[in-house]
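Peer 1: This is the structure I want to talk about, given as structure tokens.
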Amino acid sequence: MASYKAPLRDMRFVLFELMGGDDLASLPGYEEFTRDLIDPVLEEAAKVCEEVLHPLNRSGDEEGCTFENGVVRTPKGFIEAYKTFRDGGWTSIACDPAYGGQGLPKSVNTLVEEMICSANLSFGMYPGLSHGAYVSLHGYGSDELKDAYLPKMVDGTWSGTMCLTEPHCGTDLGLLRTKAVPQDDGSYKITGTKIFISAGEHDLTENIIHLVLARLPDAPKGVKGISLFLVPKFMPDSDGNPGPRNGVACGSIEHKMGIKASSTCVMNFDDATGWLIGQPHKGMQAMFAMMNTERLSVGIQGLGLAEASYQGAVTYARERIQGRSLTGVKHPDKAADPIIVHPDVRRMLLTQRAYVEGCRALGAWAARALDLQKHHTDPAVQEENEEFVALITPVIKALMTDLGFEATNLGVQVFGGHGFIREHGMEQYVRDCRIAQIYEGTNGVQALDLVGRKLPAKAGRNLRRFFHPVAEYIETHVEDDTMGEFVQPLAKAFVRLQQATAQVARAGMANPDEAGAAATDYLRLFGLTALAYLWARMVEVSLPKVGGADDSDGFYTAKVNTARFYMERVLPQTNGLFAQIMAGGKSIMAFDEAAF
Amino acid sequence: MKALVAIKRVVDYNVKIRVKADQSGVETANVKYSANPFDEIAVEEAVRLKEAGVVSEVVAVSVGPAAAQETLRTALAIGADRAILVQTDDEVQPLAVAKILKHLAEAETPDLVILGKQAIDDDSNQTGQMLAALLGWAQGTFASKVVVEGGKVLVTREIDGGLETVALTLPAVVTTDLRLNEPRYASLPNIMKAKKKPLTVVPVAETGVDVAPRLTTLKVEEPAKRSAGVKVADVAALVDKLKNEAKVI
Chain Z
1 MASYKAPLRD MRFVLFELMG GDDLASLPGY EEFTRDLIDP VLEEAAKVCE
51 EVLHPLNRSG DEEGCTFENG VVRTPKGFIE AYKTFRDGGW TSIACDPAYG
101 GQGLPKSVNT LVEEMICSAN LSFGMYPGLS HGAYVSLHGY GSDELKDAYL
151 PKMVDGTWSG TMCLTEPHCG TDLGLLRTKA VPQDDGSYKI TGTKIFISAG
201 EHDLTENIIH LVLARLPDAP KGVKGISLFL VPKFMPDSDG NPGPRNGVAC
251 GSIEHKMGIK ASSTCVMNFD DATGWLIGQP HKGMQAMFAM MNTERLSVGI
301 QGLGLAEASY QGAVTYARER IQGRSLTGVK HPDKAADPII VHPDVRRMLL
351 TQRAYVEGCR ALGAWAARAL DLQKHHTDPA VQEENEEFVA LITPVIKALM
401 TDLGFEATNL GVQVFGGHGF IREHGMEQYV RDCRIAQIYE GTNGVQALDL
451 VGRKLPAKAG RNLRRFFHPV AEYIETHVED DTMGEFVQPL AKAFVRLQQA
501 TAQVARAGMA NPDEAGAAAT DYLRLFGLTA LAYLWARMVE VSLPKVGGAD
551 DSDGFYTAKV NTARFYMERV LPQTNGLFAQ IMAGGKSIMA FDEAAF
Chain L
1 MKALVAIKRV VDYNVKIRVK ADQSGVETAN VKYSANPFDE IAVEEAVRLK
51 EAGVVSEVVA VSVGPAAAQE TLRTALAIGA DRAILVQTDD EVQPLAVAKI
101 LKHLAEAETP DLVILGKQAI DDDSNQTGQM LAALLGWAQG TFASKVVVEG
151 GKVLVTREID GGLETVALTL PAVVTTDLRL NEPRYASLPN IMKAKKKPLT
201 VVPVAETGVD VAPRLTTLKV EEPAKRSAGV KVADVAALVD KLKNEAKVI
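Residue numbers (full-length UniProt numbering), protein chains in the order written: chain Z, 1 to 596; chain L, 1 to 249.
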């Protein structure tokens, strides 16, 4: 099986050198997070991910979860690994210190999340879902509910879920039917069936806290009539310990393409006791608080899997000897040359690498914006960053999972037949990545969110949070002798993005199907341009260090060379995307439905 | 009782060691450093003794550059109470380290000094023994089990052909072998607490120890690369090569 080593060198580069993370400690609430604390945190996270979580990745995939008499068992080793993870305090890293959390900056937490996703995505689902439930409850729950449930969810004694989807409604939650009937004591009786509930039932924690979307009897139709409820698996007794079983049970688990060690459950609620979170009929608001956090996390899943696949592919390409270099023998001492001499293999490795390092920077940019949004003292700075996060969230979710899928697929290709068989774990990364393009809003829905909601929002103010810094950067650096080589391709892609934006806005105004037909191509064009901007900035940081004392391991040289590959061999994709967008949606929508 | 634990900052065991171009040593620029694994075991053992109520205070000490503070913080995150760094940027050889530790032991008066049996950078395996000799204390080296009872420490040692248990009168010096324990993962709250625990930095000059190297490194080389093998036609050719080329028979 491929081994995994957390890419701490690149993570530090992105956090400190590219994003200037040394200033995090100047934000109120983050005073403790100086580099001398962040470094050991990252190192210990790396150790736990490499030594505890990763060894269970393939065995967990092979074994999967089992379901018997309403009980779900996670694969061998997961209970012990979860204990180590929980004892280490990793369930609480990004949580509010008032409830026992560690209050780590998002900029650091995002890097830890990436390591968990690389090491064992299925495992990461359990604490990940708990965190989603934590975000909604923390943001919208009453103090009474928060005091009763958050401390144990934060320390990982209890886990959480988000119960949204029903058999007949996924993307369109307005159709949902689960009902909630008010009781005299202020609680509610919840009845209905939820499907695709990750971590809905398992054996890692003593209690599971479900956050459930349901309708009150007087609810208006559609999404404006949905409320959010907290439904524990076991009702806490007066001491706060799990008491009698509540009316919620797992009906079955799904058999899936990937993330097989994560239990995906059908949950049946039968007069289960629950409590309202937030206001009646305002459940979607509380749910979206969770959803936006989760969408960024899902983007990081794509990145994490791509990194793991890249590491496996590089190792294999160096070791596997097969054939000779096209330009003459490179390793005469061996029976054949290692396949890393071949242009096509190098193309695949560099594509993976350019995607991974670009996406890591993009994730770090959004994470930093979230830190500034929540902790900066100037309300104007907070608002700017909030607007940027709103804009970039669908891009991160869709782009990073699409590129993650492409990268993991390339990883299989580098291995050839040995990638297709299960032994080396390379095909698992592809299967595990596939769901990331689907859940938390399919990538098609992300593209619609970008085009339909985020571009027009606030009369285009969100969009300016990206366009202005990029335009300014191009103007400052395009004439620069050394940077010009990198900034000119960025400038060209940016012009295409500006023109495509105008086209999508114009055509979409007249005919929304035009915007819908362009959305996916537009999001990718947007995302690749964002990566080009970040690659240019990474070059700017790296160039002065190339060949110097800090470059003795070749880190900065490789960074600049990867940027060159990205600009020359990846960014031209924007040409094709631009042409597709400008061609309009006629050929899509004019096609006779009966002819499909 | 008090335990003093020595911990060394070394090139991480995952790093592929490269020799400097001028053969004066190994490449240390941009290389990952971490705590010597044997010393981590020593820290873990001391912390376990504290958790068992045997030891009341664990003091972690290191000799090295300012960056060794990071290494001491990892000891504090595992559970040491406070730390002392004797700071120097110069090379310090085992005898000098042993003399510095002796100086610290006299000031701190621990009942137990626990060290790794060797550091994975120079593999000297000398400091613990030298320290015991300088202090005139009992020593239990290569410990795979440590039990403190009745004013003595029972150290089970891994020796050729089996295990030997020695009873040492306290104070004593113990050096740890790989199988003594498996160091824990530091928890996030403890990493954060470690930052606030006291860490004293003492310039090496203040110890009064002459750390000038007694040994000189002439040259550092990588092991010779193994050249490709050859196929021999028959047994006679093999015997001929073994006799005349390899000169082993």
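Note that beta-carbon positions come from the ideal geometry of N, C-alpha and C, so glycine has one too.
Just confirm the distance between the C-beta atoms of residue 603/Z and Leu145/Z, as a whole number of angstroms; I'd bet it's less than 8 Å.
Peer 2: Look at the range of chain Z in this structure, 1 to 596, and you will see that residue 603/Z is not part of it.
Peer 1: Using the Cα positions of Met483/Z and Lys106/Z, report the straight-line distance between them to the nearest angstrom.
Peer 2: What you label residue 483/Z is simply residue 483 of the first sequence in a count that begins at 1. What you label residue 106/Z is simply residue 106 of the first sequence in a count that begins at 1. Going from the Cα of Met483/Z to the Cα of Lys106/Z covers about 30 Å.
Peer 1: Check this for me: beta carbons of Phe234/Z and Arg245/Z, under 7 Å apart or not?
Peer 2: Along the first sequence, one-based indexing puts residue 234/Z at 234. Along the first sequence, one-based indexing puts residue 245/Z at 245. Yes.
Peer 1: Give me the residue from Ala98/L, Asn30/L, Glu158/L and Thr109/L with the minimum Cα distance to Ala132/L.
Peer 2: Taking the second sequence and counting its residues from 1, the one referred to as residue 132/L is at position 132. Considering only alpha carbons, the answer is Ala98/L.
Peer 1: Check the Cβ of Glu383/Z against every Cβ in chain L and list those closer than 8 Å, keeping chain order.
Peer 2: Position 383 of the first sequence, counting from 1, holds the residue named residue 383/Z. Taking a Cβ-Cβ cut-off of 8 Å, Glu383/Z has no neighbours in chain L, whose nearest Cβ is about 31 Å from it.
Peer 1: Please check if any C-beta of chain Z sits within less than 7 Å of the C-beta of residue 296/L.
Peer 2: Residue 296/L lies beyond the range of chain L shown here (1 to 249); nothing can be said about it.
Peer 1: Taking 7 Å as the threshold (C-beta atoms), are Tyr30/Z and Ala119/Z in contact?
Peer 2: If you number the first sequence from 1, residue 119/Z lands on position 119. If you number the first sequence from 1, residue 30/Z lands on position 30. Going by C-beta atoms, Ala119/Z is not nearer than 7 Å to Tyr30/Z.
Peer 1: Could you check where the alpha helix (DSSP H) with Phe467/Z kicks off and where it finishes?
Peer 2: Here residue 467/Z refers to the residue found at position 467 of the first sequence. Per DSSP, Phe467/Z belongs to the alpha helix (DSSP H) from Arg461 to His477.
Peer 1: Could you tell me whether any Cβ in chain L is nearer than 7 Å to the Cβ of Val345/Z?
Peer 2: For the purposes of this step, residue 345/Z is taken as the residue at position 345 of the first sequence. Output row for Val345/Z: interface = no.
Peer 1: Chain Z partners of Ala167/L, CB-CB under 9 Å?
Peer 2: Within the second sequence, the letter at position 167 stands for residue 167/L. None at all; the shortest Cβ gap to chain Z is about 35 Å.
Peer 1: Look at Ile435/Z and Ile259/Z and say whether their C-beta atoms are less than 7 Å apart.
Peer 2: For this step, residue 435/Z is matched to residue 435 along the first sequence. For this step, residue 259/Z is matched to residue 259 along the first sequence. Result yes, Cβ atoms of Ile435/Z and Ile259/Z sit closer than 7 Å.
Peer 1: Could you please give me the residues that DSSP links to Lys282/Z through a beta bridge?
Peer 2: Stepping through the first sequence from its first residue, residue 282/Z is reached at position 282. Answer by DSSP bridge pairing, in chain order: Ile226/Z.
Peer 1: DSSP three-state call for Ala75/L: helix, strand or coil?
Peer 2: Here the question's residue 75/L lines up with position 75 in the second sequence. Of the three classes helix, strand and coil, the one that applies to Ala75/L here is helix, per DSSP.
Peer 1: Taking only beta-carbon positions, decide if Glu44/Z is within less than 7 Å of chain L.
Peer 2: Your numbering for residue 44/Z matches position 44 in the first sequence. Residue-level contact check: Glu44/Z touches chain L, since one or more beta carbons of chain L fall below 7 Å from its beta carbon.
Peer 1: From the DSSP output, in three-state form, read off Lys179/Z for me.
Peer 2: Residue 179/Z sits at position 179 when you count from the first residue of the first sequence. The three-state reading of DSSP puts Lys179/Z in strand, counting E and B together.
Peer 1: Between the C-alpha atoms of Lys193/L and Gly88/Z, what's the straight-line distance to the nearest angstrom?
Peer 2: Counting from one through the second sequence, the residue named residue 193/L turns up at place 193. Counting from one through the first sequence, the residue named residue 88/Z turns up at place 88. One C-alpha to the other measures close to 13 Å.
Peer 1: Where does the unbroken alpha helix (DSSP H) through Arg569/Z begin, and where does it stop?
Peer 2: Along the first sequence, read from residue 1 onward, the residue named residue 569/Z stands at position 569. DSSP places Arg569/Z in no alpha helix (DSSP H); its state is neither H nor E.
Peer 1: Below 7 Å CB to CB, which residues in the same chain sit around Leu204/Z once its five sequence neighbours on both sides are set aside?
Peer 2: As a working note, residue 204/Z is residue 204 in the first sequence. Answer for Leu204/Z: Thr74, Phe78, Ile79, Tyr82, Tyr126 and Ser159, listed in chain order.
Peer 1: Short check: CB of Ala366/Z to CB of Tyr140/Z, under 7 Å?
Peer 2: By 1-based counting over the first sequence, the position of residue 366/Z is 366. By 1-based counting over the first sequence, the position of residue 140/Z is 140. Their beta carbons are not under 7 Å apart, which means Ala366/Z does not touch Tyr140/Z by this criterion.
Peer 1: Would you list the residues sitting across from Asn181/L in a DSSP beta bridge?
Peer 2: Residue numbering aside, residue 181/L sits at position 181 when the second sequence is read from its first letter. Paired residue(s): none; Asn181/L is not in a bridge.
Peer 1: Can you check whether the CB of Glu114/Z is closer than 7 Å to the CB of Ile300/Z?
Peer 2: By one-based count along the first sequence, residue 300/Z stands at place 300. By one-based count along the first sequence, residue 114/Z stands at place 114. Yes.
Peer 1: Could you tell me which chain Z residues have their CB closer than 8 Å to the CB of Ile191/L, listed as they occur along the chain?
Peer 2: Sequence index remark: in the second sequence, residue 191/L carries index 191 (1-based). In chain order: Leu37, Pro40, Val41 and Glu44.
Peer 1: Taking DSSP's pairing of strands, which residues face Glu68/Z in a bridge?
Peer 2: In the first sequence, the residue the question calls residue 68/Z occupies position 68. According to DSSP, Glu68/Z bridges with Val71/Z.
Peer 1: Identify the contact partners of Lys195/L in chain Z, using a Cβ-Cβ distance below 9 Å as the criterion.
Peer 2: If you number the second sequence from 1, residue 195/L lands on position 195. Per Cβ cutoff of 9 Å: Glu32, Thr34, Asp36, Leu37 and Pro40.
Peer 1: According to DSSP, which residues form a beta bridge with Pro269/Z?
Peer 2: Locating residue 269/Z in the first sequence gives position 269, where the first residue counts as 1. Looking at the sequence shown, residue 269/Z is not Pro but Phe. Partner(s): Gly192/Z and Val248/Z.
Peer 1: Write down the C-beta distance between Cys163/Z and Leu213/Z rounded to the nearest angstrom, noting that I regard them as a contact closer than 8 Å.
Peer 2: Taking the first sequence and counting its residues from 1, one reaches residue 163/Z at position 163. Taking the first sequence and counting its residues from 1, one reaches residue 213/Z at position 213. At roughly 7 Å, the Cβ-Cβ gap stays under 8 Å, so Cys163/Z and Leu213/Z are in contact.
Peer 1: With the cut-off set at 7 Å, would you say Pro65/L and Asp111/L are in Cβ contact?
Peer 2: Locating residue 65/L in the second sequence gives position 65, where the first residue counts as 1. Locating residue 111/L in the second sequence gives position 111, where the first residue counts as 1. No, the pair does not count as a contact, with Cβ atoms beyond the cut-off.
Peer 1: Can you give me the Cβ contacts of Ile321/Z inside the same chain, cut-off strictly under 8 Å, excluding the 5 residues immediately before and after it?
Peer 2: Taking the first sequence and counting its residues from 1, one reaches residue 321/Z at position 321. Hits under 8 Å: His331, Lys334, Ala335, Ala336, Asp337, Pro338 and Ile339.
Peer 1: Assuming Leu211/Z contacts Ser136/Z (C-beta within less than 8 Å), just tell me the rounded distance between them.
Peer 2: Residue numbering aside, residue 211/Z sits at position 211 when the first sequence is read from its first letter. Residue numbering aside, residue 136/Z sits at position 136 when the first sequence is read from its first letter. That belief holds up - the Cβ atoms of Leu211/Z and Ser136/Z are roughly 6 Å apart, short of 8 Å.
Peer 1: Exposed or buried, what is Met567/Z when buried is set at 16 or more other beta-carbons lying within 10 Å of its beta-carbon?
Peer 2: Reading the first sequence from its first residue, position 567 is the one you call residue 567/Z. Looking at its Cβ environment, which holds 16 or more other Cβ atoms inside 10 Å, Met567/Z is buried.
Peer 1: When you compare each of Val15/L, Val31/L, Val58/L and Asn30/L to Met1/L by their alpha carbons, which one comes out closest?
Peer 2: Residue 1/L sits at position 1 when you count from the first residue of the second sequence. Nearest C-alpha to Met1/L: Val58/L.
Peer 1: Can you give me the Cβ contacts of Ala595/Z inside the same chain, cut-off strictly under 8 Å, excluding the 5 residues immediately before and after it?
Peer 2: Residue mapping note: residue 595/Z aligns to position 595 of the first sequence, counting from 1. No residues qualify anywhere along the chain.
Peer 1: Given a cut-off of 7 Å, decide if Val31/L and Val11/L are closer than it, judged by their beta-carbon atoms.
Peer 2: In the second sequence, residue 11/L corresponds to position 11, counting from 1. In the second sequence, residue 31/L corresponds to position 31, counting from 1. For Val11/L and Val31/L, yes; Cβs fall inside 7 Å.
Peer 1: Once the 5 residues before and after Ala517/Z are set aside, which same chain residues still bring their CB inside 6 Å of it?
Peer 2: For the purposes of this step, residue 517/Z is identified with residue 517 of the first sequence, where counting begins at 1. Cβ neighbours of Ala517/Z beyond the five flanking positions: Gly585 and Ile588.
Peer 1: Measuring only between beta-carbons, confirm whether Ser187/L sits less than 7 Å from chain Z.
Peer 2: The residue given as residue 187/L occupies position 187 in the second sequence. Yes, its Cβ sits closer than 7 Å to a Cβ of chain Z.
Peer 1: Which stretch, first to last residue, makes up the beta strand (DSSP E) that contains Ile84/L?
Peer 2: On the second sequence, position 84 is the one that residue 84/L refers to. Unbroken beta strand (DSSP E) run through Ile84/L: Arg82 to Gln87.
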